[in-house]
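Data block below; observations after.
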Amino acid sequence: MKRLLMIAALAAAVPQLVAAQVEKQVEVTKAYVPRVESASKLAVVPDMTDTTHMRPEIDYTVTPLVMRTSLTTRPIRPATVTYWEFNRPLPFYLKVGAGYPLNSVLDLYASTQNPSTGYLIGYVNHEGNFARNGDRFDAINNTTRMYNRAGLAAGRYFGRHTLEGELTYDNRYYRRPVAWQPAGERLEGRDRAMNDYGDAGLRVRFGDDFQDLSQLNFSVELHGGLFFDHSEWPLSGMQGREGSLGAEGRLAWGCGRSRFGVEIGYDYLDGQKGLDDNAQQLIRAGLRYGFLGGVVRLDVGADYYRDRIETSIHPEVSRGNYLIPYARLDFNLGTPGLRPFLEVDGAVRPNDLRAMSEQNPFVGASSWLYGLDGMPGITVGSARPGEGREGALLEGVPVYRENSLWLSKSSVDYNFRFGLGGSLWRQRFAYRLYAGFSIHDNHLYWTGWQMARPETGYDVVFLPVMARQTVTSINGEIEFRPVSALRLELGAHGYIYNDETDLKSGDPVFRGNAGIAYEGRKIAFGVEALMESARSWTTWRYVQRPGEDATLAGETLFAGPQSFRAPFAADLRVHFDWHVSHRVTLFAEGRNLLNQRLYNEAWFPEPGARFTVGAKINF
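In terms of the working numbering, the numbers along the sequence shown are unbroken and rise by one, the last being 647.
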């Protein structure tokens, strides 16, 4: 019964509930408010012990600073460390070597430096070729050539200023070989026929290094020297000596993108012994203005020279005033591959004994020619060495001054160049193409004289003659680096000469070079070829035998003018370095490997094929 009642009650209530759910509806609208529930930190203490151990692996190399020198075929001054260009190398550097035919090389540098106090450097340079050499006429002669240099440089730091100086002594030695022999007879050269020069110099400077121009930079320098001529000549009074004294001052400062510079200088040259009564004063002053802009970078200015020369053969003093423009213009067109440029410069070069011996070590005084009296076709004035008069050689022979060891005029050069340059392919390829024009006032033409007389023996000498020359040139230079350690170079230079004289200057119409060099961690090597076209010099010759005044085997004793021609030649050079360690390097060098006749002067060929081996040590 109870179950029946409960079922009935439920049956009555269910419809009411269903009806109420369907009929009732509620809507709620509210803005959503995000909320981050609070979090509680776990009550667990982590273990901070690092179980991973890092062991770095460092791979490094030490590249030593090596000062390299090389043998050359030209008697020029090798690169040396001077006090104002000192780059703080390792304390000691030694290069020593020898080769075949007999030659030797030595470079020694010892230095010490305190960054707060100063530095001290001592150095010795030597280069010699001692083998006998054949001349153009197959005569074998002693052709020893040697260059020696010793010096001491020191500097003291005073804040950003430096007081520094250098004392040097140079010696250059050349044997004069037999250059010509008449038919059927060999005239051997005198064993002591040589040109020997010594040059002592002292320089003292105080000032800045001109690297930071935000402040005024200055430099004051004093220099002096004594040049010795120990050459052996058949006549007395042909040796000369020369003293020099000079001073230089320089100022430079910058303002924004602009910079300014002023330079003045004075040099006094005084002749002694065979050059008595010869003197020269050279005053120079220069102004510079530079600007670094977005499109144009320029340096412009001018140099003024006041030249005064007194010689024993000129009663009047020679004076000259020269104004030489200076310009460097580089244009930035927005790409490193195309950079036009313009260059203008020049210089005044004294023709004293020191300067001429550097151009031609076999230079001699024109007094060497005296003794030609009575020869057919030749008349020599009554002047003799020391009499202060001028002698003239007739029939096409130029007039020589009695003391050609000191010329009465300086050589003046004006140079103009313009072209394109730039770098491509992420600076792997660089080039420079340009044309040039030069004016050479009082250019030196080196004429050669051969003379054989019973009383003096056989000898050869070179005498300079001054004349105007203009030169037009076309030039190209490229450099390619496929990788950082490999470099390829190629250069070509063509020249067109306009000489205001019939004398031949010995200048080539073409110069070129081609080379490849590799610089690795353990080895370095290079191959280079230096090329020159044929060259010619004007020469005369005179031969006299006892008892014969006019003829020799049907030949006239005096012959000239003639032309000495040096053919096209290529100087092939190689070098190889093996870096045994960061302190020791073994080297091998080869010069003139094609064994060609290379001439810097008429008649006297440079040494033939030669090799040098040795070691370079930094310690």
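Just so you know, even glycine gets a beta-carbon here, dropped at the ideal spot from N, CA and C. Predicted, not measured: the structure shown is a model, and the values here were computed from it.
- Counting C-beta pairs closer than 8 Å gives three or more between the stretch 221–233 and the stretch 247–258, which meets the contact rule.
- Between N176 and N199, the CB-CB gap stays under 9 Å.
- The criterion of a C-beta distance shorter than 9 Å is not satisfied by V511 and Y523.
- Linking R601 to G540 through their CA atoms gives a straight-line distance of about 14 Å.
- Taking C-alpha positions only, D237 is separated from E547 by approximately 31 Å.
- With a cutoff of 9 Å on beta-carbon distance, V376 and L310 are scored as near each other.
- Take A330, set aside five residues on each side of it, and the residues of its chain with a beta-carbon closer than 8 Å to its own are G314, L315, L351, I352, P353 and Y354, in chain order.
- Beta-bridge partners of W606 (DSSP): I551 and L614.
- Counting other Cβ atoms within 10 Å of its Cβ, L622 stays below 16 and is therefore classed as exposed.
- Measuring C-alpha to C-alpha distances from D298 to each of D535, N306 and F639 identifies N306 as the nearest.
- The continuous stretches of alpha helix (DSSP H) do not include L531, and DSSP gives it neither H nor E.
- F256 is the residue among E344, E260, F256 and D335 whose C-alpha sits nearest the C-alpha of L303.
- Residues Y546 and D605 of the same chain have their beta carbon placed closer than 7 Å to that of A552, with the five preceding and five following residues left out of the count.
- Residue range L381 to Q387 is occupied by the alpha helix (DSSP H) that includes S385.
- Counted as a single uninterrupted DSSP element, the beta strand (DSSP E) harbouring T196 occupies residues H189 to R203.
- Annotated three-state conformation of S438 is coil, per DSSP.
- Short of 7 Å from the beta carbon of K301, and not among the five residues preceding or following it, lie these beta carbons of its own chain, in chain order: Q267, G268 and R269.
- By the criterion of a C-beta distance shorter than 6 Å, L191 is surrounded in its chain by R184 and F234, once the five residues flanking it on both sides are discounted.
- According to the DSSP assignment, L622 belongs to no beta strand (DSSP E), since it is labelled neither H nor E.
- S394 sits in a helix when the DSSP states are folded into three classes.
- Remark: C-beta atoms of L472 and N620 do not approach each other more closely than 9 Å.
- In terms of Cβ geometry, L491 and S533 do not form a close pair [threshold 9 Å].
- Nearest in C-alpha terms to T196, of all of D227, A221, N170 and N443, is D227.
- Setting aside the 5 residues that flank it on each side, L518 is surrounded in the same chain by I506 and A542, each with a C-beta closer than 6 Å to its C-beta; the list follows chain order.
- Looking from the CA of Y296, the closest CA among I645, L180 and D335 belongs to D335.
- The C-alpha of G362 lies about 56 Å from the C-alpha of Q590.
- Here H468 is buried. Its C-beta has 16 or more other C-beta atoms within 10 Å.
- In summary, D530 is exposed, with fewer than 16 beta-carbon neighbours lying within 10 Å of its beta-carbon over all protein chains present.
- With 16 or more neighbouring CB atoms inside 10 Å of its own CB, F632 falls in the buried class.
- Taking the CA atoms as reference points, V323 sits about 12 Å from F369.
- Not a single unbroken stretch of the alpha helix (DSSP H) spanning 4 or more residues falls wholly within the stretch 235–308.
- Excluding residues up to 5 positions away in sequence, W606 and H607 lie with their Cβ nearer than 8 Å to the Cβ of K550 in the same chain.
- In the DSSP assignment, G125 falls within the beta strand (DSSP E) that extends over F120 to Y128.
- The secondary-structure analysis by DSSP pairs N349 across a beta bridge with R334.
- DSSP, reduced to helix, strand and coil, places V372 within a strand of the structure shown.
- Exposure of L273 is indicated by the presence of fewer than 16 other C-beta atoms within 10 angstroms of its C-beta.
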